[in-house]
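Working notes for the structure below.
Residue numbers (my numbering), protein chains in the order written: chain E, 17 to 146; chain Y, 4 to 91.
What follows is the structure in structure tokens.
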């Protein structure tokens, strides 16, 4: 029963988000939430560009999505695999589970997170975007 | 089998999304505590592992709640703005 309620909530939220972000470009919409870190400092945070990337993916431009936030291309599959191995507790998935929860994997993720935070605010990255 | 207690949940599935979307510093704290759950447990420090697990969960939830609050506040302010413009 509880699982069904969760499933209904997840499906409702995901379909609403998909519908909104495929129709509206968050870069040109006052309705899209703005990053507080960016507003305060003028620097982009590691998650900046996620909304624009979602919009780009839903409209079929994968390359643009990747450039808006390449970290998402690492973080999102990682999170989805975690979700999958968390939901299905089968023995076949146990090796994947072990890799995902390994400390090198987690530390790699943290290091990549901070590296990306710095790199995206350098003139080198801005030059790539232009 | 040893008489070790069952390995606590590392809540990685909660702490990773907090860094993808939400309050960043909280997410990193949560992930580091997640990582420590497994390290402590494999070293036999069961009590520390339990503590790390509880904190990983705590910081993840705080991060998610902060994010939800920010989005809600944003929507409320937006609605007020729209309302003022419509009336004024």
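Using N, Cα and C, we set each Cβ at its ideal position, and we do this for glycine too. This structure is a prediction, so every number in the text was calculated from the model and none was measured.
Residue contact check for residue 11 (chain Y) against chain E: no CB pair falls below 9 Å.
Among the residues facing chain Y, residue 86 (chain E) is not included, as its CB has no counterpart in that chain under 9 Å away. Rounded to the nearest angstrom, the gap between the Cα atoms of residue 20 (chain Y) and residue 63 (chain Y) is 9 Å. DSSP, reduced to helix, strand and coil, places residue 51 (chain Y) within a helical segment of the structure shown. If the five residues before and after residue 53 (chain E) are omitted, its C-beta is found closer than 6 Å to the C-beta atoms of 61, all from its own chain and listed in chain order. Annotation: residue 37 (chain Y) to residue 12 (chain Y) spans about 8 Å, alpha carbon to alpha carbon. Interface with chain E (9 Å Cβ-Cβ cutoff): residue 42 (chain Y) is included. Excluding sequence positions up to five before and after residue 52 (chain Y), its CB lies within less than 6 Å of the CB of 11, 40, 43, 44, all in the same chain and listed in chain order. Put simply, of Y:72, Y:46, Y:58, Y:35 the residue whose alpha carbon is nearest the alpha carbon of residue 24 (chain Y) is Y:72. Where residue 68 (chain E) is concerned, the enclosing alpha helix (DSSP H) starts and stops at 66 to 74.
If you check each beta-carbon in the region 17 to 28 of chain E against every beta-carbon of chain Y, none falls closer than 7 Å.
A straight-line Cα-Cα distance of about 19 Å links residue 87 (chain E) and residue 43 (chain E). Under the DSSP assignment, residue 60 (chain E) falls outside any alpha helix (DSSP H); it carries neither an H nor an E label. Closest option to residue 74 (chain E), judged by alpha-carbon separation, among E:38, E:138, E:135, E:111: E:38. What residue 90 (chain Y) touches in chain E, judged by beta-carbon distance under 7 Å, is nothing: the nearest beta carbon there is about 18 Å away.
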